[in-house]
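Peer 1: Take the working numbering: the final residue in the sequence shown is number 320, and no numbers are missing along the way.
A virtual CB, placed ideally from N, CA and C, is assigned to each residue, including glycine.
Note that the coordinates shown come from a computational prediction; the quantities given were computed from them, not determined experimentally.
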Amino acid sequence: MSILDHFEHPNILTTTTDYLFNWARANSLWPFTYGLACCGIEMIAAVMPRHDMARFGMEVFRATPRQADVMLVSGTVTDKMAPVLVRLHHQMAEPRWVVAMGACACSGGMFWDSYNVVQGVDLLVPVDVYIPGCPPRPEALIFGMMKLQMKVKQDTHVGRARKLREAKAAALAAGTTAGGE
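Structure follows, in structure tokens:
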């Protein structure tokens, strides 16, 4: 727990540190890829020299959720993969963000009426940015990540700490733990 967690309302200290931390977070997002289908190929194209996602500070894709702060979910999520996705999301450190890339991740895609397809990642984890398309172009991925950067820059520490406390209280009231078990 940091000293900033003791403040319930915004003040000069929290607003100044919010601006500094959010600027640093927004310009150094470390994505964790959860690529399950053809959208993963578009992620590869987005970091190639033609589109160069590195110029926005997002070039280092992480292989482990413990080193990442953004989860990029692309492709169809099945019922069998759903617990794995939730577990990986819980392994990410706070603050963490989720981007649903492609029609399959956003709403189930063309397999939406299948018996084992999750009707969107937002049923499993909170999604911050939706990138439509089948598959979305690399430009759409870059635009979605820029939208996420704008969202990160507007976040406040006091509001984030309050939301985290409320989520933990709701989980305890429901009889679940933060690990989803």
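1) Closer than 7 Å to a non-hydrogen atom of the ligand COA - does that hold for the CB of V291?
2) With DSSP run on the structure shown, which of helix, strand or coil describes T156?
3) For A165, count the other beta carbons within 10 Å of its own beta carbon; 16 or more makes it buried, fewer makes it exposed. Which is it?
4) Do A163 and R205 have their beta-carbon atoms positioned less than 8 Å apart in this structure?
5) Beta-carbon separation of M210 and H190 under 8 Å?
6) For the 8 Å Cβ check, are there 3 or more pairs between the stretch 261-278 and the stretch 171-191?
7) Decide yes or no for the touch test of the stretch 251-264 against the stretch 213-224: beta carbon pairs closer than 8 Å, at least 3 of them.
8) Grab the span of the beta strand (DSSP E) containing M192 for me, first residue to last.
9) Along the chain, where does the beta strand (DSSP E) that runs through V268 open and close?
10) Kindly confirm or deny that the stretch 276-289 and the stretch 245-256 touch, where touching means at least three C-beta pairs closer than 8 Å.
11) Run through the DSSP bridge pairs and tell me what P170 is partnered with.
12) Please list the terminal residues of the continuous alpha helix (DSSP H) segment that includes M197.
13) Please report the straight-line C-alpha distance between C291 and N161, rounded to a whole angstrom.
14) Expressed to the nearest angstrom, what Euclidean distance is found between the alpha-carbon atoms of P277 and E305?
15) Can you give me the C-alpha to C-alpha distance between R194 and V264, rounded to a whole angstrom?
16) Can you give the beta carbon distance from V199 to M240, rounded, assuming they're within the 8 Å contact cut?
Peer 2: Taking the structure as given:
1) No copy of the ligand COA occurs in the structure displayed, which carries no ligand at all.
2) T156 carries a helical assignment under DSSP once its states are collapsed to helix, strand and coil.
3) Buried.
4) No, Cβ-Cβ distance for R205 and A163 is not below 8 Å.
5) Not closer than 8 Å, so no.
6) A contact exists between the stretch 261-278 and the stretch 171-191.
7) Yes: the two stretches touch, three or more of their Cβ pairs being nearer than 8 Å.
8) Per DSSP, M192 lies in no beta strand (DSSP E) segment and is marked neither H nor E.
9) Per DSSP, the unbroken beta strand (DSSP E) holding V268 starts and ends at 268-270.
10) Not touching, per the Cβ criterion.
11) Answer is V209.
12) Per DSSP, M197 belongs to no alpha helix (DSSP H) and is neither H nor E.
13) Looking at the sequence shown, residue 291 is not Cys but Val. When rounded, the distance between both Cα atoms is 6 Å.
14) Using only the alpha carbons, I get a separation of about 36 Å.
15) Taking the straight line from one Cα to the other gives about 28 Å.
16) That belief does not hold up - the Cβ atoms of V199 and M240 are roughly 18 Å apart, past 8 Å.
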